[in-house]
Amino acid sequence: MIAQEEPRVLEGPRIRLRPVTPDDAKRTFSWYNDPEIVAPFDRFSVDTFEEFERSIREAGGDPTSLAPRYVVALREGDTPVGFVGHYVPHPVLETIDVWYVIGDRRARRHGYATEAVGLLVTHLFETTPLPRMGATVDVDNRPSIALLERLGFKREGVLRSALFHHARWHDIAVYGVIRDEWAAKPRAA
Ligand SMILES: CC(C)(COP(=O)(O)OP(=O)(O)OC[C@H]1O[C@@H](n2cnc3c(N)ncnc32)[C@H](O)[C@@H]1OP(=O)(O)O)[C@@H](O)C(=O)NCCC(=O)NCCS
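With my numbering applied, the sequence shown corresponds to residues 34 to 222, in that order.
This is the structure we're talking about:
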């Protein structure tokens, strides 16, 4: 199993990633439990607040956990605007996938998500020996695909009819970036 470090505070030029605190939990939960915010292109299931809190508490010991790992907060005012996570998606392949949500709609299209995912991927490359980081995305999720491509992820293929949501099966694009490519690409974070 891939060992991962405990979350810490990761500082970027405009945003920081920090562990989810009990103070953040209610706000982030309202985003997490709103299908219009987290899942326009994803499957959705309702969690209770207790389940949400427990999953965050226990995520550190479980690399496969889908719980939020960090709050995305604006450095100015330390205002939470979203959250990001990472997980080991496959029982055999050695790869980590990242995921990301800007919950506060007013904070979308400012580049905060790109900065947040950039910080997270850099951190994962620095704290694991893995040569590749990945992400999967609904082929119709244009903002998410734009984010990955802006960061230098490459489309590696498409899993056809791989995820059922919004009453039909959807094709899912597989994206990845290799350590050397990541190191070679200039970025703000
Ligand atoms: C996917 C998601 C996180 C992308 O958020 P986003 O706000 O579009 O992404 P960014 O923060 O990187 O912003 C990028 C946009 O800001 C613009 N921008 C403005 N100022 C910028 C700056 N200083 N730096 C970078 N980009 C900037 C970019 O040009 C880009 O605009 P465009 O959409 O017209 O191309 C968001 O749509 C979301 O939360 N969706 C729901 C959950 C989801 O689908 N998650 C992904 C699952 S795979």
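Don't be surprised by glycine CBs; every beta carbon is placed ideally from N, CA and C.
Heavy atom of ligand 1 within 7 Å of residue i beta-carbon
i, result
"residue 147", "yes"
"residue 190", "no"
"residue 132", "yes"
"residue 80", "no"
"residue 144", "yes"
"residue 74", "yes"
"residue 126", "no"
Residue burial classification, residue i (beta-carbon count within 10 angstroms, cutoff 16)
i, result
"residue 173", "exposed"
"residue 191", "exposed"
"residue 230", "The question about residue 230 has no answer, for the chain in this structure spans 34 to 222."
"residue 123", "exposed"
Integer Cβ distance of residue i from residue j, believed to fall under 8 Å
i, j, result
"residue 205", "residue 154", "With 8 Å as the limit, residue 205 and residue 154 do not qualify as a contact, their Cβ atoms being about 19 Å apart."
"residue 148", "residue 46", "7 Å"
Residues sharing a beta bridge with residue i, DSSP
i, result
"residue 113", "106"
"residue 190", "207"
"residue 220", "Answer is none; residue 220 lacks a bridge partner."
"residue 168", "208"
"residue 197", "202"
"residue 49", "44 and 106"
* Asked: Are there three or more Cβ pairs, one per stretch, closer than 8 Å when the stretch 188-204 is compared with the stretch 69-86?
  -> Touching, yes.
* Asked: How about the stretch 126-134 and the stretch 109-118: do they share at least three Cβ pairs that are nearer than 8 Å?
  -> Contact check between the stretch 126-134 and the stretch 109-118: three or more CB pairs, one atom from each, fall below 8 Å, which counts as touching.
* **the stretch 53-61 touching the stretch 92-108, judged by at least three CB pairs closer than 8 Å** => Counting Cβ pairs under 8 Å, three or more are found: they touch.
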